[in-house]
Amino acid sequence: MSEETTQIVIPPGILSPEIGRKVLISAVIFIIATSIITQAFVQLGGGPRNDDIDLTDQITHSTGETHILEGLPPFISSGGVYQPEKTIFTIGLSLSGMLFIVLGIDFGTRTHRLLSVAGAKPWRRLSNVASTVAAIGAGVSLMMIPQYPFDVSLVAHLFYAITIFYCSFFWVFFSHLARSGSEDDSLTWRGYRISTLRKYLLLGLFVSLILTIYAPPAGYMLLGAFFEWMLLLTSMGGLLSNMPAFDEGRIIPGKIFNA
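This is the structure:
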């Protein structure tokens with residue numbers, strides 16, 4: 143059979159398609175709901191949440207200046223400082239992290255089997271490995287970050303936060319590279335191709351990543367917080383765009399993986 147006419151049936155993963163979809167949707171719901179609920183406490187709870195937070199002693203490169211926040215900023219991680227939202231924050235992110243690890247391994251397995259059957263080029267296989275590692279890194283960091291609230295463990299908190307930011311981007315990015323071409327014109331959402339939507343989400347994810355990391359140190363705290371929320375939404379949208387990976391049995395042309 144010629145390369146042009148070779149067809150491939152999408153192989154299964156570790157999870158069944160039904161369970162895989164439920165795990166993906168549950169993980170997204172857990173992390174978004176946790177972020178919104180805990181932020182509502184931050185904004186409406188009052189009390190110590192409005193008090194100044196002195197971070198001077200935790201900033202090791204201090205030049206003698208004081209570093210004081212006037213109340214909790216509207217970052218997602220502000221929900222992990224005070225009770226009762228801290229408990230919700232810890233449970234929600236820990237559950238999301240565990241589900242992300244499971245998803246990362248399952249996605250990686252599905253893509254590995256698909257690329258093996260297709261005889262894909264090495265760069266696709268490497269992209270799949272990078273995507274799986276990023277997924278596991280994001281999951282582990284989501285489980286760890288509630289243990290290090292920024293008001294008492296700023297350095298460790300920033301380490302896990304930045305790890306989550308970068309791993310979220312690279313998970314979606316490398317997954318897209320590994321599987322690019324496996325989603326034909328029939329896979330659409332509201333008339334738009336899934337693969338095209340993911341490209342736009344990746345662009346938004348990258349812009350949000352850069353501004354989330356670099357805006358706060360430049361003094362633009364609210365801008366950084368806004369783009370952290372955009373980072374959350376675009377990364378979750380990027381993960382949901384991988385839903386076709388669970389379409390076991392769908393037939394695709396084999397030649398697309400030789401590009």
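For the sequence shown, counting from 1, position 231 maps to 373 in our numbering; every step adds exactly one.
Ideal Cβ placement from N, Cα and C applies to all residues, glycine included.
Source: prediction; values computed, not measured.
- At the C-beta level, residue 239 and residue 228 stay beyond 9 Å of one another.
- With contacts defined by Cβ atoms closer than 9 Å, residue 174 and residue 373 do not form a contacting pair.
- Shortest Cα-Cα distance from residue 177 to any of 232, 356, 210 involves 232.
- For the pair of segments examined, the region 313-323 was found to touch the region 333-344: the number of CB pairs separated by less than 8 Å reaches three.
- Residue environment: residue 302 is assigned as buried (16 or more neighbouring CB atoms within 10 Å of its CB, all protein chains considered).
- By the neighbour-count criterion, in which 16 or more other beta carbons inside 10 Å mark a residue as buried, residue 198 falls on the exposed side.
- Of the residues 223, 196, 278, the one whose Cα lies closest to the Cα of residue 245 is 278.
- Shown here, residue 293 sits in coil according to DSSP, grouped into three states, outside any helix or strand.
- Of the residues 152, 189, 217, the one whose Cα lies closest to the Cα of residue 181 is 217.
- Here DSSP, grouped into helix, strand and coil, assigns residue 390 to coil.
- Rounded to whole angstroms, the Cβ separation of residue 163 and residue 385 is 7 Å, and the two are in contact under 8 Å.
- Cα atoms of residue 161 and residue 360: separation of roughly 44 Å, rounded to the nearest angstrom.
- Per DSSP, reduced to three states, the secondary structure at residue 334 is strand.
- In this structure, the straight-line span from the alpha carbon of residue 299 to that of residue 268 is close to 30 Å.
- Apart from sequence neighbours up to five positions away, the residues of its chain that approach residue 355 with a beta-carbon distance below 7 Å are 304, 307, ordered along the chain.
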